[in-house]
Ligand SMILES: Cc1cc2nc3c(=O)[nH]c(=O)nc-3n(C[C@H](O)[C@H](O)[C@H](O)COP(=O)(O)O)c2cc1C
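Numbering (the working numbering), first residue to last: 58 to 448.
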């Protein structure tokens, strides 16, 4: 268990993911919170990711014996205690010391999958060594394909059995909040520097141990000694591959012998193509509203994707999930699982591993309650008939 600045009883008083967000906002400096919370441009997709859930009503069945209910399920063929996993979020070390390890440890303790981001500050080897988590690894495609090839070779020496290939960033989304905090690249504005100085607990937790966190998974993409933020920012800016295409999916499929998931699709024809190219699953996602502003939310395309696939491959969905009822709605529409982004990251920012654990517990409790109130004993009993979509 990693140390936490909050006691268990204080965290017990955090009752919802939104309340955890409020704690996170107080605990980390403004520039960190903006990095975590913001979306691209006018943040319409960010808001859409949340508002979609209020358009979907729940239709309960009455007088059902729900005394045997449980929230366990199977995700890509393996047992999971809950129908959600922790998705990839880069640079979590900025929110809490070894933030990736905090996320992985909580996932391990909760028996749900964890996806380590390619731009994490803890290496995949350390995560595998230090936790028993069911770890999946996310990668981007770089101009230098050799880097991805070496990453695959590294992964083959670990117990990682699932690779998540994120394809929705052939160019970087326009995240204006990220620019606004800096007077020039990587130099905070004076108000943001003063604001950081006013957060001594964050300074002690994050900056004090080892300085600004470094990137532990970009390996030889970065020149020697350049694993700091500047080196990584330069490398990522120059290495993001604008020529990304289905050929890259084919290329990766040929090299990776285990499960391959394509993350960032929002179009049913693309999902069918992903299945044709040998993907084992897809994550429908608009990258938490951080890439194409105005993009549909994954929940909006989920029904047509499920219909078009007709069971060929399982579908995971992300974007805006903050309540157990949101997760239940996705499962009722046919999703295999939900991938969490900010929800668990608020937990990391608020209180490290304990904060993540609290978020997982809150969501599990809410799912259990919603199942019961809907008249279901298990997630498998959920169907689209439990929902009414009003537009
Ligand atoms: C701070 C932050 C960092 C992220 N980093 C990555 C990343 O490294 N790789 C990736 O595929 N997606 C990344 N994402 C996108 C998430 O995996 C996910 O698609 C999104 O956060 C889901 O929306 P939600 O935050 O509303 O749950 C990131 C999201 C956030 C908020």
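Just so you know, even glycine gets a beta-carbon here, dropped at the ideal spot from N, CA and C.
Cβ-based neighbour list, residue 246, same chain, cut-off 6 Å, excluding 5 preceding and 5 following: Locating residue 246 in the chain shown gives position 189, where the first residue counts as 1. Excluding residues within five positions, the ones whose Cβ falls inside 6 Å are 240.
Cα-Cα separation, residue 198 to residue 225: Within the chain shown, the letter at position 141 stands for residue 198. Within the chain shown, the letter at position 168 stands for residue 225. Going by the C-alpha atoms only, they are around 10 Å apart.
Residue range of the alpha helix (DSSP H) that includes residue 330: Looking up residue 330 in the chain shown gives position 273. 325-333 is the extent of the alpha helix (DSSP H) around residue 330.
Cβ contact (3+ pairs, closer than 8 Å) linking the region 399-414 and the region 433-442: no
Cβ contact check for the region 407-417 and the region 157-169: 3 or more pairs under 8 Å: Segments in contact, yes.
Boundaries of the alpha helix (DSSP H) in which residue 82 is found, first to last residue: The residue you call residue 82 lines up with position 25 of the chain shown. 74-84 is the span of the alpha helix (DSSP H), which, as asked, contains residue 82.
Spatial neighbours of residue 228 in its chain, beta-carbon cut-off 8 Å, leaving aside the 5 residues before and after: Your numbering for residue 228 matches position 171 in the chain shown. Only 297, 299 meet the Cβ criterion.
Check: residue 93 C-beta below 8 Å from any heavy atom of ligand 1: As a working mapping, residue 93 is identified with position 36 in the chain shown. Yes - ligand 1 has a heavy atom lying nearer than 8 Å to the Cβ of residue 93.
Segment contact, 8 Å Cβ cut-off, at least three pairs: the region 345-361 with the region 93-102: yes
Under the three-state DSSP convention, the category residue 100 falls into: One-based indexing of the chain shown puts residue 100 at position 43. Of the three classes helix, strand and coil, the one that applies to residue 100 here is coil, per DSSP.
Paired residues, beta bridge with residue 316 - DSSP: For this step, residue 316 is matched to residue 259 along the chain shown. For residue 316, which the question treats as bridged, DSSP gives the partners 219.
Distance CB(residue 275)-CB(residue 254) smaller than 9 Å: The residue given as residue 275 occupies position 218 in the chain shown. The residue given as residue 254 occupies position 197 in the chain shown. No, these two residues do not count as a Cβ contact at 9 Å.
Residue 196 - partner residues in DSSP beta bridges: For the purposes of this step, residue 196 is identified with residue 139 of the chain shown, where counting begins at 1. Looking at the DSSP assignment, residue 196 forms a beta bridge with 222.
Backbone CA spacing between residue 177 and residue 194 [nearest angstrom]: Working through the chain shown from its first residue, we reach residue 177 at position 120. Working through the chain shown from its first residue, we reach residue 194 at position 137. When rounded, the distance between both Cα atoms is 10 Å.
Bridge partner(s) assigned by DSSP for residue 136: Here residue 136 refers to the residue found at position 79 of the chain shown. Residue 136 is bridged to 131.
Beta-carbon contacts of residue 243 that lie in its chain and below 8 Å, excluding the five residues immediately before and after: To locate residue 243, count along the chain shown from 1; it is residue 186. Taken in chain order, the residues that qualify are 286, 287, 290.
Contact between the region 123-143 and the region 165-183 (3+ Cβ pairs under 8 Å): yes
Beta-ladder partner(s) of residue 372, from DSSP: If you number the chain shown from 1, residue 372 lands on position 315. In DSSP, residue 372 forms a bridge with 339.
Closest residue to residue 116 among 279, 313, 434, 430 (Cα-Cα distance): The residue you call residue 116 lines up with position 59 of the chain shown. Closest by alpha carbon: 430.
Which of helix, strand or coil DSSP assigns to residue 214: Taking the first residue of the chain shown as 1, we reach residue 214 at position 157. The answer is coil: DSSP assigns residue 214 none of H, G, I, E or B.
Residue interval of the beta strand (DSSP E) (run including residue 424): Taking the first residue of the chain shown as position 1, residue 424 is located at position 367. Unbroken run through residue 424 is the alpha helix (DSSP H), 399-431; no beta strand (DSSP E).
Nearest-angstrom Cα separation, counted from residue 447 out to residue 189: Translated into positions along the chain shown, residue 189 becomes position 132. Translated into positions along the chain shown, residue 447 becomes position 390. Straight-line Cα distance between these residues: approximately 43 Å.
Residue 155 burial status per 10 Å Cβ neighbour count (16 or more: buried): If you number the chain shown from 1, residue 155 lands on position 98. In the assembly as shown, residue 155 is a buried residue. Its beta-carbon has 16 or more other beta-carbons within 10 Å.
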